[in-house]
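The opening position of the sequence shown corresponds to residue 902 in the working numbering, with each subsequent residue numbered one higher. No residue lacks a Cβ here, since even glycine has one placed at the ideal position from N, Cα and C. Note that the coordinates shown come from a computational prediction; the quantities given were computed from them, not determined experimentally. Only one structure is covered here, and it is reproduced in the block below.
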Amino acid sequence: MTQLTQLIVQGISSGAIYGLVALGLVLSYKATEVLNFAQGDVVMLSAFLGWGLVVAAGLPFWLSFVAVLCISAALCFLLEAKIMRRIVGRPQFSGVMLTIGIGFMIRGGVSMFFGPESRSYPTPWTGQAVQIGGSVVAELNLVIVGAAMGVTALLYYFLRRTTLGIAIHATSQNQLAAYLCGVRVKRLNSLVWGISGAIAALCGLLLAPITLVDLGLWFVMLKALAALVLGGFGSAPGAVVGGLLIGLIEQFAGVYLPDGVKDVAPYLVLIAVLILYPRGILGESHGRRV
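Structure representation (structure tokens):
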């Protein structure tokens, strides 16, 4: 029972990060119909920025936390406003290749500036643990789950209950109709990319204490893509559900299945689900192939 509780908590915490990264992908895709393959690199960049501000610069944790969120949000805002906007109307493959190129640039820049070494990222929860039903659980895992739930709830409220959020939601459904109603579509698209960047930064800052600050953090993008497809491409709730499922499958496969299966198991389940539900678990019926 103790091991089961730990596996569930660890699976939900890692799955929450995958789900948040996938949620950022959904937001940027709905805004511009471009799947941002640089999202994982923004996660990695944010982790290095957080380490640099806390360890190298000696800033307080929470000040650096907010600073990294703002920097990553501004970066993604400018990427959409100055670069992605120029390919509007072109084939989607152009956007895919452009974001892949941006990802390589971010990765190369981080490697040149910070170096290839892995680093530990201290947080107020590092080394802390709590007891749940006789099981000892890392406090950081609970923080990750709480942060993911909070961000998801805030995004839902923002997009469904505020004037700006409703405008963003309307723009994602029909940009021309929103423009004719007076919505500043281009500005909103940049704002959505900025929100996506802030979510990526949050994921990087939460993931770094678990896996170390490393150039390989961008690989979280692969798990997020699996979560995105599993939950249903274009579905925000599906992205979160898909991320949680990927995280749980990964943890249980690592314990109960042979060595080496842990990294493959989520994709095997993904294939099986897509055979039964081609649009994913919560896929939108009006979605289109990309």
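For residue i, the nearest candidate out of the options (CA to CA)
i       : options                              : result
Val935  : Pro961, Met985, Gly941 and Ser973    : Met985
Val910  : Gln1152, Leu1060 and Cys977          : Gln1152
Gln993  : Trp952, Phe938 and Thr1027           : Phe938
Thr1000 : Gly941, Gln1074 and Pro961           : Gly941
Val1052 : Ile1003, Ala1102, Ala975 and Pro961  : Ala1102
Glu981  : Phe949, Val1086 and Leu1126          : Val1086
Lys983  : Gly1095, Ala1048, Leu964 and Ala1078 : Gly1095
Gly1047 : Ile1182, Leu1183 and Ile913          : Ile913
Lys1163 : Gly990, Lys1124 and Leu1043          : Lys1124
Leu928  : Leu1131, Leu1060 and Leu1116         : Leu1060
Test item: CB-CB of residue i and residue j under 7 Å
i       : j       : result
Ala1140 : Leu924  : yes
Leu1107 : Ile1045 : yes
Val922  : Val1093 : no
Pro1159 : Thr1024 : no
Ser1021 : Leu954  : no
Thr906  : Ser1036 : yes
Ser1073 : Cys977  : no
Gly1166 : Ile1150 : First, the amino acid is wrong: residue 1166 is Ala here, not Gly. Yes, these two residues count as a Cβ contact at 7 Å.
Ser1136 : Gly1184 : yes
Gly1144 : Gly951  : no
Ala1128 : Gly996  : no
As assigned by DSSP and simplified to three states, the class of residue i
i       : result
Ile1033 : strand
Val989  : coil
Val1038 : strand
Ser1012 : helix
Val927  : helix
Leu1183 : coil
Leu905  : helix
Lys1163 : coil
Glu934  : coil
Gly1028 : coil
Leu950  : helix
Leu999  : helix
Pro1138 : helix
Tyr1157 : helix
Gly916  : helix
Lys983  : helix
Residues that DSSP places opposite residue i in a beta bridge
i       : result
Arg1020 : Val1114
query = Counting only runs that start and end within the segment 1054 to 1115, where is the alpha helix (DSSP H) found for 4 or more residues in a row?
reply = Listed in chain order, they are 1064 to 1074, 1076 to 1081 and 1086 to 1112.
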